[in-house]
Amino acid sequence: MSAMLLSLVLLLAGCGAPAALSPAGPQAGQIAGLWAVFFWVSVVVEVAVVAFLLYAVLRARRPVLTLPALAAEPLAERRLTRGVSAATALTAIVVVALLAASILVTRALGALHAPQALTVEIAGHQWWWEVEYWDPVPSQRVRTANEIHVPVGEAVLVKLRASDVIHSLWVPPLHGKKDLIPGHATSLWIKADRPGAFGGQCAEFCGYQHAHMRLLVIAESRGAFDAWLARQRRPAPEPTDAQARRGRDVFLTGPCAICHTIVGTPAAARLGPDLTHLAGRTTLAAGTLPNTPGHLAGWIIDPQRIKPGVHMPSIGLDGADLQALLAYLGSLK
Ligand SMILES: [Cu+2]
69 MSAMLLSLVL LLAGCGAPAA LSPAGPQAGQ IAGLWAVFFW VSVVVEVAVV AFLLYAVLRA
129 RRPVLTLPAL AAEPLAERRL TRGVSAATAL TAIVVVALLA ASILVTRALG ALHAPQALTV
189 EIAGHQWWWE VEYWDPVPSQ RVRTANEIHV PVGEAVLVKL RASDVIHSLW VPPLHGKKDL
249 IPGHATSLWI KADRPGAFGG QCAEFCGYQH AHMRLLVIAE SRGAFDAWLA RQRRPAPEPT
309 DAQARRGRDV FLTGPCAICH TIVGTPAAAR LGPDLTHLAG RTTLAAGTLP NTPGHLAGWI
369 IDPQRIKPGV HMPSIGLDGA DLQALLAYLG SLK
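Under the numbering used here, the first residue of the sequence shown carries the number 69, and numbering increases by one thereafter.
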C-alpha cells in the first residue's frame with residue numbers, strides 16, 4: 069500500500085516505481101516490508117506532532133496561562149507532567165520497536181541458505197563486474213561479465229571480491245547493498261521469485277566512471293538457465309566466413325588480446341571482460357551501451373569518449389579491419 073502510494077507519487081513526477089519497492093525475491097520483500105513499517109510509523113508520528121502543534125497554537129490565542137496561575141492549579145500541573153511523561157515513554161517505545169524490527173529483518177536476510185547451491189563469484193573492477201560460475205571441475209567454470217543468469221526460485225550463493233577499490237553490489241529488486249572489499253571476501257545469498265531482468269548498480273563511489281558500473285541479473289527457468297550455462301561452457305565458435313576470420317586475426321594480432329579472453333583462441337588475458345560469448349549479452353561496458361554493431365564499433369574506436377577514464381585505450385583501426393572485427397565479435401554467440 070505504502071509502496072503503491074510512493075510509486076504513484078514518483079510516477080506522477082515521471083520517475084517510475086523504485087525497483088527496491090517492487091521486490092522480486094524474499095530478501096527484497098523483507099526490506100520493502102521494513103520500509104513500509106518505517107514509512108507508516110513516521111506518517112502517524114508526523115500527523116500526531118503536527119496535530120498537537122496546531123492545538124497548542126490555537127490554544128495560545130486564548131488568554132495566556134501564566135506560570136503563577138499554573139502553580140495555583142496543582143491539578144493542571146500534574147496533568148501536564150503526566151502528558152509529557154506519557155509522550156516521552158511513547159517515543160522511546162516507538163524507537164525501540166523500530167530498532168527491533170530492523171534487527172529482525174537483518175537476521176531474516178542472513179537466513180537464506182541452501183545446500184549445494186549454485187555459486188557465483190563476482191569481482192568488482194573499475195568499472196565492470198567480472199562474473200565466474202564456480203564448479204569443482206575447473207574446465208567447467210564459466211566466466212562472463214556484467215550479466216548474471218540465475219534460475220528462478222533457487223537460492224544462489226554470491227561470493228564477492230574486489231581487485232582495486234571498494235565497490236558495492238546493489239540489485240534493488242533482489243537484495244540490499246553489499247560491499248566488495250579488496251583483500252576481504254564477502255558473500256550474500258540471493259533468490260528470485262519470478263523471472264525477469266533486474267537492474268543493479270555499483271553503490272559505493274569507486275572512481276570516475278562509478279555511475280557507469282551497472283549490471284543485470286536475469287532470472288529464468290531452470291531449463292533456460294541450464295541451456296545458457298551449457299552454451300557458456302563452449303569455446304567461441306570458429307569463424308565461418310573470410311570476413312570473420314580476418315576479424316579474429318585483427319583481434320589476436322592487435323592489442324585486444326593483451327587484455328581480453330576469448331576461450332578457444334590464444335587470447336587469455338583478464339584485464340578486461342571475457343568476450344567468448346559477447347554477442348549473447350544485451351549491453352556493453354557495464355550497462356553503458358546497448359549491444360548493437362553500431363555501438364560496438366563506437367566503443368572499440370573510442371571508449372574514452374563513451375566512458376572517459378576507462379581502462380581500455382582508444383584503438384586506431386582502419387575501416388576494413390574494424391568491419392572484420394565487428395563481424396567476428398558479432399559471431400561470438
Ligand atoms: Cu564500483
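Here a beta-carbon is modelled for each residue, glycine too, at the ideal position from N, C-alpha and C.
Q | Proximal residues to F293 (C-beta, below 6 Å), its chain only, five neighbours per side dropped | A | Cβ neighbours of F293 beyond the five flanking positions: H217, P219.
Q | 9 Å Cβ cutoff met for L256 and L284 | A | Contact: no.
Q: Would you decide whether L148 is buried or exposed? Buried here means 16 or more other CB atoms lie within 10 Å of its CB.
A: So L148 ends up on the exposed side.
Q: With distances taken Cα to Cα, identify the nearest neighbour of I249 among A176, P241, A271.
A: Nearest option by C-alpha distance: A271.
Q. Can you name the start and end residues of the alpha helix (DSSP H) that C327 belongs to?
A. Start and end: 324 to 327.
Q.
Mapping the DSSP letters down to three states, classify V210 as helix, strand or coil.
A. Of the three classes helix, strand and coil, the one that applies to V210 here is strand, per DSSP.
Q | Selection from D203, V239, V233, P206 that minimises the alpha carbon distance to N214 | A | The option with the nearest alpha carbon to N214 is V239.
Q) Using DSSP with H/G/I as helix, E/B as strand and the rest coil, what is Y201? A) Strand, per DSSP.
Q: Whole angstroms is fine: what's the gap from T333's alpha carbon to A304's?
A: Cα to Cα, T333 sits roughly 8 Å from A304.
Q. Going along the chain, which residues of its own chain have a beta-carbon closer than 8 Å to the beta-carbon of A88, five neighbours each way excluded?
A. For A88, same chain residues with a beta-carbon under 8 Å away, outside a window of 5 residues either side, are A96, I99, A100, W103, P240, P241 in chain order.
Q: Express the C-alpha separation of G93 and G264 in angstroms, rounding to a whole number.
A: Rounded to whole angstroms, G264 to G93 spans 11 Å at the Cα level.
Q. For the segment 161 to 176 against the segment 189 to 207, are there 3 or more C-beta pairs whose distance is under 8 Å?
A. Two segments are said to touch when three or more pairs of C-beta atoms, one from each, lie closer than 8 Å; by this definition the segment 161 to 176 does not touch the segment 189 to 207.
Q: Write down the C-beta distance between I374 and L390 rounded to the nearest angstrom, noting that I regard them as a contact closer than 8 Å.
A: Their Cβ separation, rounded to whole angstroms, is 16 Å, which puts I374 and L390 out of contact at 8 Å.
(Q) Using a Cβ-Cβ cutoff of less than 8 Å, which residues in the same chain neighbour G377 once the five nearest sequence positions on both sides are dropped? (A) Excluding positions up to five away in sequence, the list reads G275, Y276, Q277.
Q. DSSP on E114, reduced to helix/strand/coil?
A. DSSP places E114 within a helical segment (H, G or I) once states are collapsed to three.
Q: Over the uninterrupted beta strand (DSSP E) stretch that includes S255, give me the two end residues.
A: Here the beta strand (DSSP E) through S255 covers 254 to 258.
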